[in-house]
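Going by UniProt numbering, the sequence shown wraps up at 260, each residue one higher than the last. Yeah, the Cβ is synthetic: ideal placement off N, Cα and C, and Gly gets one too. Here's the structure we're looking at; comments come further down.
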Amino acid sequence: MGSFSAVALDGLPEIAAGTDLAALLAQAAGASGAGLDGGLADGDVLVLAHKAVSKAEGAVRRLSDVTPSPRAQMLAQQGGKDPRHVQVVLDESAELLRAERGVLICVTHHGFVCANAGVDASNAPADEPETVILLPRDPDGSARALRARLRELTGAAIGVIVTDSFGRAWRHGQVDVAIGIAGVAPSDDWRGRTDSVGRELRATWIATADELAAAADLARGKDSRQPAVVLRGLAAHVTADDGPGVRALLRPAAEDMFRR
């Protein structure tokens with residue numbers, strides 16, 4: 001595996017609830033000039049920003065429909081935020097770990113530890129300025145459904161990764177990570193193997209799906225309506241079955257030294 005390509009798909013419209021997202025993706029991948037030689041092919045990995053999935057599935061909330069609780073009002077006052085937005089964050093959280101400088105570090109109902117439970121107003125529909133976008137209810141299920149539908153439409157056996165941007169402890173900036181996985185090995189565990197000079201590897205455990213998510217993000221513009229990227233040349237990471245999904249990457253709370 002000496003090289004791979006990353007191609008951002010152009011021409012996707014604003015996604016609305018009920019959209020056949022797979023059909024739009026198949027059409028964009030097969031369009032003349034897409035750079036994919038006729039569309040999706042066996043072994044490709046489709047990496048998709050979750051907001052396209054969330055919009056298609058109707059995982060959005062209008063702030064005009066939200067009544068903030070006293071707790072949301074208190075946290076909003078402390079952080080200088082809209083209390084309705086804070087209420088949505090609390091609704092999407094199984095646990096609030098920390099609130100500081102306007103950022104709520106939450107454990108989502110999926111088990112993700114992230115800022116504001118993934119609730120975000122960026123890239124919300126332009127004609128609905130007071131709408132926030134949530135994470136998909138079941139990102140693995142979304143990835144599996146897209147994979148199956150794309151196989152039906154194109155005949156290609158591909159992998160699908162649904163992503164979101166997460167901050168990282170101890171480092172500035174965000175990196176796209178996998179929050180839903182189908183047909184891609186989530187990780188590659190090298191513990192117990194040896195390095196190039198024969199030393200046993202004791203800690204090397206590659207988060208493959210997260211690395212693919214981050215690589216794909218470099219190929220698209222954050223402001224260019226390019227939620228989908230096709231990675232080609234990485235068939236070694238594509239699996240015949242859907243696989244265990246993103247849960248294989250989540251560290252159990254009992255093993256998390258920062259949550260004890």
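Query	Result
Range covered by the alpha helix (DSSP H) that runs through His172	Unbroken run through His172 is the beta strand (DSSP E), Arg171 to Ala182; no alpha helix (DSSP H).
Ser165 - containing beta strand (DSSP E), residue span	Gly159 to Arg168
Under the three-state DSSP convention, the category Asp189 falls into	strand
Cβ shell of Ala28 (< 8 Å), same chain only, five flanking positions each side left out	Leu9, Asp10, Gly11, Leu12, Ala34 and Ala228
Coil, strand or helix - Val47 by DSSP	strand
Pick from His109, Thr131, Ala41 and Arg191 that is closest to Asp82, judged by C-alpha positions	Thr131
Boundaries of the beta strand (DSSP E) in which Glu95 is found, first to last residue	Ser93 to Glu100
Helix, strand or coil at Val7 according to DSSP, with G and I counted as helix	strand
DSSP-derived helix/strand/coil call for Arg247	helix
Rounded Cβ spacing between Val213 and Thr163 (contact assumed at less than 8 Å)	At residue 213 the sequence reads Ala, which differs from the Val that was named. Going by Cβ atoms, the distance from Ala213 to Thr163 rounds to 4 Å, so yes, they are a contact pair.
For Leu104, the first and last residue of its enclosing alpha helix (DSSP H)	Here Leu104 belongs to no alpha helix (DSSP H); instead the beta strand (DSSP E) covers Val103 to Thr108.
Distance, Ala182 Cα to Ala235 Cα	13 Å
Glu128 versus Pro68 - alpha carbon distance	20 Å
Reduced DSSP secondary structure (H/G/I, E/B, other) of Ala17	coil
Contiguous beta strand (DSSP E) assignments of at least 3 residues, all confined to the region 127-159	131-133
First through last residue of the alpha helix (DSSP H) which encompasses Ala219	Looking at the DSSP string, Ala219 is not in any alpha helix (DSSP H), and its letter there is neither H nor E.
Per-residue DSSP class, three states only, for Ala254	helix
Inter-stretch contact at 8 Å, needing at least 3 Cβ pairs: the region 142-161 / the region 235-253	yes
For Arg232, the first and last residue of its enclosing beta strand (DSSP E)	Ala228 to Arg232
Beta-carbon spacing of Pro139, Ile179 below 7 Å	yes
Simplified DSSP state of Val60, which is helix, strand or coil	strand
Among His110, Pro252, Ala148 and Leu250, nearest to Leu134 - alpha-carbon criterion	His110
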